[in-house]
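This report refers to the structure that appears directly beneath it.
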Amino acid sequence: TPSGHYRAWKGYGVSRAGGQDVYFNCNVDSNPPTYKISWYINERPLYHSPEDGVVLTLNSLALSNVNRHQAGPYVCSASNVEGDARSSPLNLTVNYAPVCEEVDAAAQVYAAGVGQAINITCGVLASPTVVKFSWVFNNTIKSERLPGNQVFLKSDGRSVAQFRARDQQDYGTLQCWAQNTVGRMARPCLFHIIPAGRPERPVQCSVVNKSYDSLAVGCTPGFDGGLSQTFKARVSNTAIIRAEGERC
């Protein structure tokens with residue numbers, strides 16, 4: 047059965063996203079010789095794919111232009127006619143500037159009334175994980191940085207901004223920026239602040255359960271206008287009059 051280990055060189059300890067290349071080499075001692083060497087990340091097999099920056103050559107693995115999605119434990123596996131052997135995992139850490147937790151999500155929308163304070167939470171992914179946050183408010187009239195007494199850090203590392211619209215001109219977009227030792231995020235996390243309005247009426251109401259002396263009605267809520275909403279049902283008696291015609 048083969049026995050083996052591997053080493054990483056040129057880029058061991060790794061780089062920021064969109065940066066350097068990383069090379070792994072799997073050293074194997076076996077008799078008879080190995081006929082196959084395989085590579086895994088997080089227990090998923092890796093395949094030769096130069097267009098994706100993954101190159102397998104004999105007992106080597108090359109990753110070009112590594113990014114944060116390629117971080118994790120790497121393992122090489124060697125096979126000969128006697129059996130298979132796997133190396134101990136080697137963890138690859140990819141350092142990168144912060145990105146929003148919800149990378150593919152559209153900007154979040156918050157509705158608030160004039161004078162109403164709201165808390166807006168901003169979370170990012172980053173490596174190293176120690177980040178510094180800053181908040182900027184922007185609309186067609188002004189652009190200004192939020193003062194420190196309106197921003198605080200949660201125990202989970204997320205930043206919270208407390209915002210209060212003083213008048214109708216205080217509505218706009220909050221930008222959450224973060225940076226670590228790699229650099230500043232390329233695009234901020236966006237939060238749109240709009241005036242609160244009246245809720246829309248519920249829709250698709252129907253009886254979902256009924257018995258001899260009770261019934262349950264279910265509805266789909268309409269837009270809440272940006273504020274918490276409650277629902278009330280009104281029950282009224284309806285008299286049904288049936289007229290029977292006389293038979294001739």
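Everything in the sequence shown is counted per our numbering, starting at 47 for the first residue and increasing by one.
Glycine residues also receive a C-beta, built at the ideal position from the N, C-alpha and C atoms.
Min CB distance residue i to chain E below 8 Å
| i | result |
| --- | --- |
| Pro-267 | Reference to chain E is not applicable here, since this structure consists of a single protein chain. |
Span separating the alpha-carbon of residue i from that of residue j
| i | j | result |
| --- | --- | --- |
| Asp-75 | Tyr-69 | 20 Å |
| Arg-212 | Val-182 | 17 Å |
| Ser-110 | Tyr-93 | 14 Å |
| Val-140 | Thr-227 | 13 Å |
| Ile-118 | Asn-165 | First, the residue type needs correcting, since residue 118 is Gly and not Ile in the sequence shown. One C-alpha to the other measures close to 34 Å. |
| Gln-275 | Ala-207 | 24 Å |
| Gln-154 | Cys-265 | 25 Å |
| Phe-269 | Val-254 | 22 Å |
| Arg-230 | Gly-99 | 25 Å |
| Phe-198 | Leu-192 | 11 Å |
| Ser-134 | Gly-65 | 26 Å |
| Gly-129 | Ser-84 | 13 Å |
| Gly-159 | His-115 | 41 Å |
| Gln-214 | Val-176 | 36 Å |
| Cys-168 | Pro-234 | 10 Å |
Beta-carbon proximity check, residue i vs residue j, cutoff 8 Å
| i | j | result |
| --- | --- | --- |
| Ile-239 | Tyr-156 | yes |
| Arg-132 | Val-145 | no |
| Gly-271 | Pro-248 | no |
| Trp-223 | Ser-173 | no |
| Lys-278 | Gln-225 | no |
| Asn-126 | Pro-78 | yes |
| Asn-71 | Ser-106 | yes |
Opening and closing residue of the beta strand (DSSP E) in which residue i lies
| i | result |
| --- | --- |
| Phe-183 | 178 to 184 |
| Asn-111 | Per DSSP, Asn-111 belongs to no beta strand (DSSP E) and is neither H nor E. |
| Asp-130 | 129 to 132 |
| Tyr-156 | 154 to 158 |
| Asp-75 | 68 to 75 |
| Val-170 | 170 to 173 |
| Arg-119 | Sequence check: residue 119 is Pro here, not Arg. Here the beta strand (DSSP E) through Pro-119 covers 118 to 126. |
| Pro-144 | 142 to 146 |
Proximity test, residue i beta-carbon vs the ligand NAP heavy atom, cut-off 7 Å
| i | result |
| --- | --- |
| Pro-241 | Among the components of this structure there are no ligands whatsoever, and the ligand NAP is therefore not found. |
- Item | Segments assigned alpha helix (DSSP H), at least 4 residues, entirely inside the segment 188 to 274 | none
- Count the CB pairs spanning the segment 209 to 226 and the segment 184 to 197 that are closer than 8 Å, and state whether there are at least three. yes
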